[in-house]
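To keep things clear, I will list the structure first and then write my remarks on it.
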Amino acid sequence: MDFTILILVLPLLSFLVLGLAGTKLKPGAAGAIGTVVLGAVTVLSYLTAILYFGAGRNAEGIFPTLMPYNAVWLPISQTLHIDMGILLDPISVMMLVVISTVSLMVHIYSFGYMKGERGFQRYYAFLSLFTMSMLGLVVATNIFQMYLFWELVGVSSYLLIGFYYTKPEAIAASKKAFIVTRFADLGFLIGILFYGYYAGTFSFTPDAQLLAAAGTMIPLALGLMFIGGAGKSAMFPLHIWLPDAMEGPTPVSALIHAATMVVAGVYLVARMFPLYIGYAPDVLHWVAYIGAFTALYAAVVACVQSDIKRVLAFSTISQIGFMLVALGVCTSSDPHTGGLGYMASMFHLFTHAMFKALLFLCAGCIIHAVHSNEMSAMGGMRKYMPVTHITFLVACLAIAGIWPLSGFFSKDEILTACFAFSPLMGWVMTGIAGLTAFYMFRLYYGIFWGKENKELHAHHTPHEAPATMTVPLVVLAVITCVAGFIPFGDFISSDGEAYTIHLDGGVVAISLTVAIAAIALATWMYLRAKQPVADRLATTFSGLHKAAYHRFYIDEAYQFVTHRIIFGCISRPIAWFDRHVVDGFMNLLARTTQSAALGIRFMQSGSVQRYCIWFFAGTLGLTLLLLILR
Numbered sequence: 017m018d019f020t021i022l023i024l025v026l027p028l029l030s031f032l033v034l035g036l037a038g039t040k041l042k043p044g045a046a047g048a049i050g051t052v053v054l055g056a057v058t059v060l061s062y063l064t065a066i067l068y069f070g071a072g073r074n075a076e077g078i079f080p081t082l083m084p085y086n087a088v089w090l091p092i093s094q095t096l097h098i099d100m101g102i103l104l105d106p107i108s109v110m111m112l113v114v115i116s117t118v119s120l121m122v123h124i125y126s127f128g129y130m131k132g133e134r135g136f137q138r139y140y141a142f143l144s145l146f147t148m149s150m151l152g153l154v155v156a157t158n159i160f161q162m163y164l165f166w167e168l169v170g171v172s173s174y175l176l177i178g179f180y181y182t183k184p185e186a187i188a189a190s191k192k193a194f195i196v197t198r199f200a201d202l203g204f205l206i207g208i209l210f211y212g213y214y215a216g217t218f219s220f221t222p223d224a225q226l227l228a229a230a231g232t233m234i235p236l237a238l239g240l241m242f243i244g245g246a247g248k249s250a251m252f253p254l255h256i257w258l259p260d261a262m263e264g265p266t267p268v269s270a271l272i273h274a275a276t277m278v279v280a281g282v283y284l285v286a287r288m289f290p291l292y293i294g295y296a297p298d299v300l301h302w303v304a305y306i307g308a309f310t311a312l313y314a315a316v317v318a319c320v321q322s323d324i325k326r327v328l329a330f331s332t333i334s335q336i337g338f339m340l341v342a343l344g345v346c347t348s349s350d351p352h353t354g355g356l357g358y359m360a361s362m363f364h365l366f367t368h369a370m371f372k373a374l375l376f377l378c379a380g381c382i383i384h385a386v387h388s389n390e391m392s393a394m395g396g397m398r399k400y401m402p403v404t405h406i407t408f409l410v411a412c413l414a415i416a417g418i419w420p421l422s423g424f425f426s427k428d429e430i431l432t433a434c435f436a437f438s439p440l441m442g443w444v445m446t447g448i449a450g451l452t453a454f455y456m457f458r459l460y461y462g463i464f465w466g467k468e469n470k471e472l473h474a475h476h477t478p479h480e481a482p483a484t485m486t487v488p489l490v491v492l493a494v495i496t497c498v499a500g501f502i503p504f505g506d507f508i509s510s511d512g513e514a515y516t517i518h519l520d521g522g523v524v525a526i527s528l529t530v531a532i533a534a535i536a537l538a539t540w541m542y543l544r545a546k547q548p549v550a551d552r553l554a555t556t557f558s559g560l561h562k563a564a565y566h567r568f569y570i571d572e573a574y575q576f577v578t579h580r581i582i583f584g585c586i587s588r589p590i591a592w593f594d595r596h597v598v599d600g601f602m603n604l605l606a607r608t609t610q611s612a613a614l615g616i617r618f619m620q621s622g623s624v625q626r627y628c629i630w631f632f633a634g635t636l637g638l639t640l641l642l643l644i645l646r
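All the letters of the sequence shown, read from the start, carry residue numbers 17 to 646 under my numbering.
Here's what the structure looks like:
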């Protein structure tokens with residue numbers, strides 16, 4: 017497995033070449049370099065998966081953990097040091113496949129979507145950096161190495177979200193994403209430092225005796241680490257950056273919202289899962305509660321949004337909530353008692369990455385055709401964009417949990433785990449799954465059916481996207497159709513042993529019934545050109561509708577706290593104290609020194625006679641002083 021180092025080196029070299037020499041290259045050449053390099057990375061990632069899983073399990077019945085590279089980078093003490101290397105185990109290998117696949121599709125798609133854009137070379141350089149950072153995060157051999165790549169992912173997302181740096185909205189969105197996730201990452205860093213101090217290592221497999229002796233400090237450290245994960249995965253109340261991140265190019269949205277940045281928090285909890293389940297089960301359950309509330313909140317908000325990318329953004333927040341709930345409801349690492357949720361979470365991460373990337377790339381094709389994000393500019397698009405229509409429908413059916421698409425299998429495993437944990441949690445998550453089916457088909461009908469904007473289309477007739485954009489849609493749609501039949505439990509489980517997936521008939525019946533009912537309701541309300549039911553509901557519940565449209569004013573609450581309380585009541589008095597007291601005191605010292613200097617400058621007149629007088633006066637004064645003191 018020595019070749020796995022190339023999975024990180026190649027995109028890094030691509031970033032350096034495109035970043036330093038990109039402007040001297042033609043846009044097509046720069047895009048080709050980035051795409052060919054990512055193609056090679058994808059081949060190496062698939063080869064790694066084939067060789068790793070193909071080698072089979074060891075004598076203990078589990079897939080081994082391999083470290084092709086691992087070296088001490090920064091020694092802190094004899095036992096505590098920061099290593100840099102590559103770790104291969106089932107979830108890291110799975111993530112290599114997911115990240116490289118989605119990133120390659122985004123690279124190919126961007127040829128058509130970003131054609132003619134200023135900064136085309138810079139865009140591909142940033143894509144390479146982003147991909148390298150995320151790949152480095154998932155193969156990290158220790159928590160501190162993960163944190164370093166974690167921060168690189170944050171920098172990369174800042175650069176990509178703010179790609180259109182001449183737009184004030186893009187600048188504000190990139191700063192918002194960077195600042196919110198930095199506050200969350202502060203908790204992550206403090207948790208890492210606590211963990212390193214009490215566990216005596218930054219490794220993912222510390223000494224059990226040291227952990228037991230640390231008492232409550234290990235649960236505290238793991239809880240602080242989850243704050244970083246909650247920020248990166250946009251969990252409530254740190255979710256506010258993600259909808260605004262839609263100001264970046266749509267392929268960037270697909271990359272961030274599908275398989276990379278937003279699932280970093282899920283991957284963190286999965287990577288540290290043995291520690292959570294063994295030493296902080298209560299923290300793990302709080303992960304489930306936060307995930308469930310976030311999933312519900314985001315699903316309700318998505319039901320009333322009119323910007324198609326923001327609907328998908330809140331959908332991502334909700335689906336990430338599903339993955340964290342699945343991890344949080346685990347009661348044991350044994351897959352037959354409580355580890356089902358672990359497998360289900362990773363399975364949903366895998367399937368969701370494909371159909372959510374597909375949804376965003378379809379949205380990009382639609383925006384490319386109508387030059388607007390608003391559903392009011394769409395309607396009747398199915399006759400203009402048949403490929404986009406079919407692939408978007410496939411993704412909608414998958415995220416709604418309709419058999420036999422991939423989302424059905426992974427989401428039903430999550431619901432089964434939730435019902436095993438608590439009937440209340442099971443029904444809550446089933447209801448949220450129903451909301452998912454409803455808002456996705458509201459989106460589908462609003463774009464492809466409904467009332468066509470003939471006035472807008474008369475000035476600019478929509479058309480299907482070029483092949484560079486539609487081919488990735490077809491590839492992702494095919495994966496979405498077949499991925500559910502992968503025996504995922506044979507490769508990924510909480511204890512490393514094979515887990516055979518058995519769908520629970522009762523849960524399947526309930527989830528399918530709820531999903532079909534939600535789709536039928538959306539069809540009744542939004543299929544027709546006129547939507548009297550939807551309009552009447554919006555009028556009857558105008559307060560709720562308005563609040564949900566404005567995201568329940570969470571952003572306004574942040575603005576009030578930061579601008580009125582922190583800036584107005586705390587920062588402004590501190591600034592006044594700094595200007596008038598601190599600066600005033602220093603200015604007083606300066607004026608006093610200057611006045612004293614002006615007062616004695618006559619002593620430095622240049623006259624030898626005057627110098628002699630002052631010399632003898634000083635000598636006389638010192639002599640008298642010594643006599644007095646004596």
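Glycine included, C-beta positions come from ideal geometry on N, C-alpha and C. Predicted model only: the values in this text are computed from it and were never measured.
Alpha carbon of M121 to alpha carbon of F371, nearest angstrom: Taking the sequence shown and counting its residues from 1, the one referred to as residue 121 is at position 105. Taking the sequence shown and counting its residues from 1, the one referred to as residue 371 is at position 355. Spanning the two alpha carbons is a distance of roughly 12 angstroms.
Where the beta strand (DSSP E) containing A87 begins and where it ends: What you label residue 87 is simply residue 71 of the sequence shown in a count that begins at 1. Looking at the DSSP string, the run of the beta strand (DSSP E) that includes A87 is 82-91.
E513 (DSSP reduced to helix, strand or coil): Counting from one through the sequence shown, the residue named residue 513 turns up at place 497. Three-state result, E513: coil.
Validate contact between the region 364-379 and the region 441-449 using beta carbons, cut 8 angstroms, 3 pairs: No, because fewer than three Cβ pairs between the region 364-379 and the region 441-449 fall closer than 8 angstroms, the two stretches do not touch.
Selection from S219, L175, A45, L112 that minimises the alpha carbon distance to E263: Here residue 263 refers to the residue found at position 247 when the sequence shown is read from its first residue. Per the Cα distances, L175.
Nearest candidate by alpha-carbon position, reference Q321, set P253, G307, T496, S392: Position 305 of the sequence shown, counted from the start, is the residue given in the question as residue 321. Per the Cα distances, S392.
Reference Q335; option with closest CA among H518, V59, F363, A261: In the sequence shown, the residue the question calls residue 335 occupies position 319. When each option's Cα is compared against that of Q335, the closest is F363.
Secondary structure, alpha helix (DSSP H): runs of 4+ residues fully inside the region 26-101: List check, alpha helix (DSSP H) in window: 43-70.
Coil, strand or helix - N603 by DSSP: One-based indexing of the sequence shown puts residue 603 at position 587. In this structure, N603 counts as helix in the three-state DSSP scheme.
7 angstroms CB neighbourhood of A531 in its chain, flanking five on each side removed: Here residue 531 refers to the residue found at position 515 of the sequence shown. A416, G417, I418, A449, G450, A453, listed in sequence order.
Span of the alpha helix (DSSP H), counted from its first residue to its last, around Y460: Here residue 460 refers to the residue found at position 444 of the sequence shown. Residues 439-464.
Boundaries of the alpha helix (DSSP H) in which A531 is found, first to last residue: Taking the first residue of the sequence shown as 1, we reach residue 531 at position 515. According to the DSSP assignment, A531 belongs to the alpha helix (DSSP H) that extends over 521-542.
Rounded Cβ spacing between G380 and P267 (contact assumed at less than 8 angstroms): Within the sequence shown, numbered from 1, the residue matching residue 380 stands at position 364. Within the sequence shown, numbered from 1, the residue matching residue 267 stands at position 251. Distance from G380 to P267 at the Cβ level is roughly 6 angstroms; contact confirmed, criterion being Cβ atoms closer than 8 angstroms.
Close beta carbons around M441, own chain, < 6 angstroms, minus the five adjacent residues each side: Counted from its first residue, the sequence shown places residue 441 at position 425. Non-local beta-carbon contacts of M441 in its own chain, meaning distances under 6 angstroms to residues more than five positions away in sequence, involve C434 in chain order.
Residue range of the unbroken alpha helix (DSSP H) whose run includes D551: To locate residue 551, count along the sequence shown from 1; it is residue 535. Taken as a continuous stretch (DSSP letters only), the alpha helix (DSSP H) holding D551 covers 548-556.
Identity of the residue in T477, F69, G357, E429 nearest M401 by Cα: On the sequence shown, position 385 is the one that residue 401 refers to. M401 has its Cα closest to that of T477, out of T477, F69, G357, E429.
Endpoints, the alpha helix (DSSP H) within which T221 is located: Within the sequence shown, numbered from 1, the residue matching residue 221 stands at position 205. It is not in any alpha helix (DSSP H) - T221 carries neither H nor E in the DSSP assignment.
Limits of the alpha helix (DSSP H) - the one that A237 falls within: Walking along the sequence shown from the start, residue 237 turns up at place 221. For A237, the uninterrupted alpha helix (DSSP H) segment begins and ends at 233-248.
At least three beta-carbon pairs within less than 8 angstroms, the region 92-103 to the region 47-67: Contact between the region 92-103 and the region 47-67 is absent: fewer than three C-beta pairs spanning the two stretches fall below 8 angstroms.
N158 - partner residues in DSSP beta bridges: For the purposes of this step, residue 158 is taken as the residue at position 142 of the sequence shown. Paired residues: S219.
The region 478-491 touching the region 72-92, judged by at least three CB pairs closer than 8 angstroms: Taking a cut-off of 8 angstroms for Cβ pairs, the region 478-491 and the region 72-92 do not touch, as fewer than three such pairs fall below it.
Of the listed residues G128, M456, K399, W443, nearest to L413 (C-alpha basis): Translated into positions along the sequence shown, residue 413 becomes position 397. Considering only alpha carbons, the answer is M456.
Enclosing alpha helix (DSSP H) for A385 [first to last residue]: Stepping through the sequence shown from its first residue, residue 385 is reached at position 369. In this chain, the alpha helix (DSSP H) harbouring A385 covers 356-386.
Spatial distance of D298 from L226 (CA atoms): Taking the sequence shown and counting its residues from 1, the one referred to as residue 298 is at position 282. Taking the sequence shown and counting its residues from 1, the one referred to as residue 226 is at position 210. Computed Cα separation, rounded: 20 angstroms.
Exposure label - R458; buried when at least 16 CB within 10 Å: Here residue 458 refers to the residue found at position 442 when the sequence shown is read from its first residue. Answer is buried; the Cβ neighbour count reaches 16.
E390 - partner residues in DSSP beta bridges: Here residue 390 is taken as the residue at index 374 of the sequence shown, counted from 1. According to DSSP, E390 bridges with D323.
Burial state of Q649 (16 or more Cβ within 10 Å): Nothing can be reported for residue 649, as the shown portion of the chain is limited to 17 through 646.
Test item: CB-CB of F19 and M148 under 8 angstroms: Translated into the one-based positions of the sequence shown, residue 19 becomes position 3. Translated into the one-based positions of the sequence shown, residue 148 becomes position 132. No; because the gap between Cβ atoms is not below 8 angstroms, this pair is not in contact.
Sheet register partners of L104 (DSSP bridge): Position 88 of the sequence shown, counted from the first residue, corresponds to residue 104. Note: L104 sits in a beta bridge opposite L82.
Expected contact under 8 angstroms - CB spacing of C346 and S509 to nearest Å: For the purposes of this step, residue 346 is taken as the residue at position 330 of the sequence shown. For the purposes of this step, residue 509 is taken as the residue at position 493 of the sequence shown. Here C346 is actually not in contact with S509; their C-beta atoms are around 11 angstroms apart, not less than 8 angstroms.
Nearest-angstrom Cβ-Cβ length linking G281 and L240, presumed shorter than 8 angstroms: Taking the first residue of the sequence shown as position 1, residue 281 is located at position 265. Taking the first residue of the sequence shown as position 1, residue 240 is located at position 224. About 13 angstroms separates the two Cβ atoms, so there is no contact after all.
Nearest residue (CA-CA) to R138, options G35, L153, V109: By one-based count along the sequence shown, residue 138 stands at place 122. When only C-alpha atoms are compared, the closest one is G35.
Meets three-Cβ-pair contact criterion under 8 angstroms: the region 228-236 and the region 142-157: With a cut-off of 8 angstroms, the region 142-157 and the region 228-236 do not count as touching, because too few Cβ pairs lie within range.
Three-state secondary structure (DSSP) of W302: Here residue 302 is taken as the residue at index 286 of the sequence shown, counted from 1. DSSP places W302 in helix when its eight states are reduced to three.
N- and C-terminal bounds of the alpha helix (DSSP H) containing Q625: Within the sequence shown, the letter at position 609 stands for residue 625. Here the alpha helix (DSSP H) through Q625 covers 624-645.
Through-space distance from V410 to T81, alpha-carbon basis: Your numbering for residue 81 matches position 65 in the sequence shown. Your numbering for residue 410 matches position 394 in the sequence shown. So the two alpha carbons sit approximately 36 angstroms from each other.
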